[in-house]
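Asker: Sequence lines, in order, name chains L and C.
If you want the working numbering, it's the 1-based position in the first sequence plus 133.
If you want the working numbering, it's the 1-based position in the second sequence plus 15.
Think of the CB as a built atom: it goes at the ideal place given N, C-alpha and C, for glycine as much as any other residue.
Since we're looking at a predicted model, the values are computed, not measured.
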Amino acid sequence: MISKNQPATTLFIDRGCPLIRFFAARFNRWVLCCLLVSGCASTTDYEIVQVSDGVMTAYLENKPSLLHYHYTRVLREGRRNLVLNHMRAGLAAMELGEFDLAEESFDIALLNIESVYTDDENAAKARSLWYEEGRKDFKGEPYERAMAYYYRGLLYILKGDYENARASFKGGLLQDTMAEETTYQADFALLIFLEGWSSMMLGDWDMAQASFKEVQKYRPDFVIPHRDHNVLLIAETGNAPRKMAVGRGGAALGFIEGQGSREDGIRFVSGQSAYTGFPIENIFWQANTRGGRQVDHILAGKVSFRETNEVMGQTLTQLSLATLSMSPQFGDDAGVVAIVAGIIGLVGLGQQAVAERTQTQADTRYWDNLPDRVHVVTLNSEDSDRDLKAEFIKPNGRRIANLDKKITITPVNDRSGFAWVRPR
Amino acid sequence: MKISAGIILLTLVSLIGCATPPPYTQQTGVDSSPGRPTVYEDVNTPGRVAGIGLESQDVASMTDKMMGDMLATPILANRNVPPRVIIDSEYFRNESSSRINKNIITDRLRVNLNRASNGRMLFVGRHYADMVEKERSLKRGADGADGAPVVDRGTIKASRSTLGGDFRLGGRITTLDAVNTESGQASRTHQIIYEMVDLESGLIVWSGIYDFKKSARDNIIYR
């Protein structure tokens with residue numbers, strides 16, 4: 134009953150009022166319903182860009198049909214996955230021998246990797262409680278960025294531009310310095326070797342020697358190429374390392390080695406000669422030895438926030454349910470008790486909702502068509518035919534016949550040669 | 016029992032306010048903002064997109080500085096007989112960690128010098144040598160039937176040979192990179208040297224150096 138003698142802002146509740154009992158009873162049911170459905174989890178879906186058929190057709194027109202899947206994703210997934218999709222598309226284009234297209238893709242990827250994100254909106258959101266890390270524009274982990282530089286460098290080699298190739302390999306190496314584990318900083322032997330190879334092809338023997346000696350620090354079995362070597366053969370084997378969200382709340386980034394491949398090594402056969410590839414880089418190792426990331430601290434904070442709210446929410450909800458079930462025992466005060474219990478329940482639900490919506494997951498998008506290992510061979514062009522056979526071999530040394538590939542050494546600047554092969 | 020409605024409301028608002036989840040717009044993972052029309056930007060100023068590499072304002076600044084320096088060098092710009100100079104990227108080397116088309120530097124330098132020197136230096140287009148040789152062959156008949164000229168001689172007096180250069184530009188771009196892994200701060204120092212070499216004696220008659228250091232730190236989310 135509302136007393137007319139009281140100011141309008143004050144409400145007096147009569148515990149015996151039928152109206153209160155009426156609302157309390159319904160309030161109870163409503164709160165109970167809320168408590169029951171509070172366990173429903175939300176999922177994250179990212180919107181795709183609506184691209185008209187005309188725009189898509191025009192965009193795909195100059196691209197081989199085998200690459201349409203990748204380039205369609207470039208447009209549809211927009212800026213958030215722009216770098217990732219161009220990395221994938223660029224590598225797929227390289228495999229098809231579409232080198233100009235691959236250059237375009239890697240240039241776009243590197244432009245974005247090299248851009249410094251200071252007050253970017255998506256980056257800010259990715260730091261907030263309510264968005265998962267995957268909300269940010271993808272730039273990749275250091276091993277992925279380094280590999281983008283690696284492929285761009287190879288494309289420069291194919292064009293005979295060893296100077297920019299060397300700049301690319303150096304740029305990739307810089308990405309590898311981001312490792313938290315100091316032991317593993319700038320230990321990307323593949324890039325150091327290629328920096329040296331580029332210097333060697335430019336006639337900078339001293340610089341090349343310095344790089345090759347550095348490679349030996351990380352790969353003691355590595356044999357420095359002879360000075361008259363001018364052909365570089367590169368083979369990639371295995372599948373890309375995968376990322377996964379591990380630990381409390383999935384807030385830590387973990388890696389697992391790429392599965393599903395049988396090959397472990399490479400042999401290049403030219404006439405009666407065979408050259409076994411030196412396994413210069415293990416991409417999974419590079420991914421896995423980076424150590425912690427600075428963003429992990431933010432994600433750990435989110436987990437802590439989530440867990441606190443979860444515990445408090447559950448406690449309040451249980452308290453609310455217990456009070457609600459006991460409310461009839463309060464006789465005439467039952468309505469008021471029910472309302473108070475309901476409020477406690479709502480607060481509990483709210484806290485659970487906050488916990489539920491706190492996004493703690495690490496970003497697990499990954500460059501999925503990367504290899505697991507890279508092998509290199511250097512030789513003198515006079516020691517080999519231009520046409521070679523690449524034989525992929527199992528860990529036990531046996532050849533996997535159905536993966537044999539014929540490759541041709543591409544002349545570079547009329548002075549050197551280059552070939553790059555993957556098993557599939 | 017009397018309970019103040021104000022207190023209940025206040026409690027509700029404050030507690031539910033804490034509990035109300037924030038706007039949940041995770042589904043918009045793409046930048047659906049309208050495009051931005053093309054804008055002209057001054058090449059002498061940092062652009063909207065910047066990193067720690069070599070950028071347009073660096074190229075503009077250093078070529079302007081080198082140009083002024085060369086024009087103030089008597090052996091190049093104040094000789095009785097204007098020297099023939101070759102400026103291209105053939106001997107301008109990139110040893111840095113910045114990917115760059117070196118022509119953007121040497122082209123800008125040559126064009127600006129050519130305009131500013133006002134005849135005090137003459138520029139030999141060695142990078143066009145192939146084009147010149149082809150035309151000379153057509154004029155002189157080496158490619159024609161029975162050795163006959165394919166085209167006429169034009170209006171410029173014929174010369175027995177094309178011009179040789181007196182001086183040629185050489186140079187080098189080098190960088191020094193550093194990353195602080197704790198703070199994520201990355202820096203790159205560029206050093207670009209330019210040298211004008213006497214093509215008879217090998218003497219370096221002029222040198223210029225331009226260096227700058229840039230540092231940046233990416234958002235923590237990328238470190």
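List the residues that DSSP assigns as beta-bridge partners of Leu208/L.
Answerer: Numbered from 1 along the first sequence, position 75 holds the residue referred to as residue 208/L. Leu208/L is not bridged to any residue.
Asker: Could you tell me the alpha carbon to alpha carbon distance between Phe182/C and Gly83/C, rounded to whole angstroms?
Answerer: Position 167 of the second sequence, counted from the first residue, corresponds to residue 182/C. Position 68 of the second sequence, counted from the first residue, corresponds to residue 83/C. Taking the straight line joining both Cα atoms gives about 17 Å.
Asker: Against chain C, does Asn297/L count as a neighbour if the rule is that its beta carbon must be under 8 Å from one of theirs?
Answerer: To locate residue 297/L, count along the first sequence from 1; it is residue 164. True, the Cβ-Cβ gap to chain C drops below 8 Å.
Asker: What are the residues of the segment 98-115 of chain C that lie near chain L, defined by any Cβ-Cβ distance shorter than 9 Å?
Answerer: If the cut-off is 9 Å between Cβ atoms, the segment 98-115 of chain C has Arg108, Asn109, Glu110, Ser111, Ser112, Ser113, Arg114 and Ile115 near chain L.
Asker: What does DSSP give as the partner residues of Gly185/C in its beta bridges?
Answerer: Residue mapping note: residue 185/C aligns to position 170 of the second sequence, counting from 1. Partner(s): Glu210/C.
Asker: Taking contact to mean 3 or more Cβ pairs, one atom from each stretch, closer than 8 Å, check whether the segment 522-531 of chain L and the segment 396-403 of chain L are in contact.
Answerer: The answer is yes - the segment 396-403 of chain L touches the segment 522-531 of chain L, with three or more Cβ pairs under 8 Å.
Asker: From Tyr276/L, Ala373/L and Met333/L, pick the residue whose C-alpha is nearest to that of Ile357/L; which is it?
Answerer: Here residue 357/L refers to the residue found at position 224 of the first sequence. The option with the nearest alpha carbon to Ile357/L is Met333/L.
Asker: My output table needs one value for Tyr408/L: the three-state DSSP class, helix, strand or coil.
Answerer: For this step, residue 408/L is matched to residue 275 along the first sequence. In this structure, Tyr408/L counts as strand in the three-state DSSP scheme.
Asker: What three-state label does DSSP hand Ala107/C in the structure shown?
Answerer: Within the second sequence, residue 107/C is the residue found at index 92, counting from 1. Before going on, a small fix: residue 107/C reads as Phe here, not Ala. Strand.
Asker: Three or more beta-carbon pairs under 8 Å between the segment 266-279 of chain L and the segment 414-426 of chain L, yes or no?
Answerer: yes
Asker: Using only the alpha-carbon positions, how far apart do Glu15/C and Ser174/C sit?
Answerer: Summary: the structure shown does not reach residue 15/C, with chain C confined to residues 16 through 238, and so no result is reported for it.
Asker: Can a CB atom of chain L be found closer than 8 Å to the CB of Met146/C?
Answerer: The residue labelled residue 146/C in the question sits at position 131 within the second sequence. Not closer than 8 Å to any Cβ of chain L, the Cβ of Met146/C fails to qualify, so no.
Asker: Is Gly305/L closer than 8 Å to Tyr289/L when the C-beta atoms are compared?
Answerer: To locate residue 289/L, count along the first sequence from 1; it is residue 156. To locate residue 305/L, count along the first sequence from 1; it is residue 172. No Cβ-Cβ contact shorter than 8 Å links Tyr289/L with Gly305/L.
Asker: Tell me, which residues are paired with Gln200/C by DSSP?
Answerer: Position 185 of the second sequence, counted from the first residue, corresponds to residue 200/C. Asn195/C and Arg232/C.
Asker: Within the segment 345-422 of chain L, note down every full alpha helix (DSSP H) run reaching 4 residues or more, in order along the chain.
Answerer: 416-421
Asker: Write down the C-beta distance between Arg114/C and Asn297/L rounded to the nearest angstrom, noting that I regard them as a contact closer than 8 Å.
Answerer: Looking up residue 114/C in the second sequence gives position 99. Looking up residue 297/L in the first sequence gives position 164. About 5 Å separates the two Cβ atoms, so the contact holds.
Asker: List the residues of chain L that Ile236/C touches, going by C-beta distances under 8 Å, in chain order.
Answerer: For the purposes of this step, residue 236/C is identified with residue 221 of the second sequence, where counting begins at 1. Within chain L, the residues near Ile236/C are Tyr250, Ala256, Ala259, Arg260, Glu266, Lys269, Val428 and Ile431.
Asker: Looking only at its own chain, which residues have a Cβ that is under 7 Å from the Cβ of Ser460/L, when we skip the five neighbours before and after it?
Answerer: Residue numbering aside, residue 460/L sits at position 327 when the first sequence is read from its first letter. Hits under 7 Å: Ala467, Val470, Ala471 and Ala474.
Asker: Against chain L, does Thr196/C count as a neighbour if the rule is that its beta carbon must be under 8 Å from one of theirs?
Answerer: As a first step, residue 196/C is located in the second sequence; it is residue number 181 there, counting from the start. With 8 Å as the cut-off, Thr196/C counts as an interface residue toward chain L.
Asker: For the segment 166-180 of chain C against the segment 189-200 of chain C, do three or more pairs of beta-carbon atoms, one drawn from each stretch, fall closer than 8 Å, so that the two count as touching?
Answerer: no
Asker: Strictly below 7 Å CB to CB, what residues from chain L border Gly185/C?
Answerer: The residue labelled residue 185/C in the question sits at position 170 within the second sequence. Under the 7 Å cutoff, chain L gives no residues; its nearest Cβ is about 14 Å from Gly185/C.
Asker: Output the distance between the C-alpha atoms of Asp520/L and Pro544/L, rounded to the nearest integer angstrom.
Answerer: Locating residue 520/L in the first sequence gives position 387, counting from the first residue. Locating residue 544/L in the first sequence gives position 411, counting from the first residue. C-alpha separation (whole angstroms): 12 Å.
Asker: Using beta carbons (cut-off 8 Å, strictly below), is Gly478/L in contact with chain C?
Answerer: For the purposes of this step, residue 478/L is identified with residue 345 of the first sequence, where counting begins at 1. No, its Cβ sits nowhere closer than 8 Å to a Cβ of chain C.
Asker: May I ask you to list the residues that DSSP assigns as paired with Tyr225/C?
Answerer: On the second sequence, position 210 is the one that residue 225/C refers to. Partner(s): Ile207/C.
Asker: May I ask you to verify whether the segment 222-229 of chain L touches the segment 261-270 of chain L, counting CB pairs closer than 8 Å and requiring at least 3?
Answerer: no
Asker: Are the Cβ atoms of Ala378/L and Ala433/L separated by less than 8 Å?
Answerer: Here the question's residue 378/L lines up with position 245 in the first sequence. Here the question's residue 433/L lines up with position 300 in the first sequence. Cβ distance not < 8 Å, so Ala378/L and Ala433/L don't count as in contact.
Asker: So, at 7 Å on beta carbons, what are the nonlocal neighbours of Lys117/C in its own chain, with the 5 sequence-adjacent residues on each side left out?
Answerer: In the second sequence, residue 117/C corresponds to position 102, counting from 1. The residues are Ser104, Phe107 and Asn109.
Asker: For Val100/C, list the residues DSSP reports as bridge partners.
Answerer: Numbered from 1 along the second sequence, position 85 holds the residue referred to as residue 100/C. Per DSSP, Phe138/C and Phe182/C.
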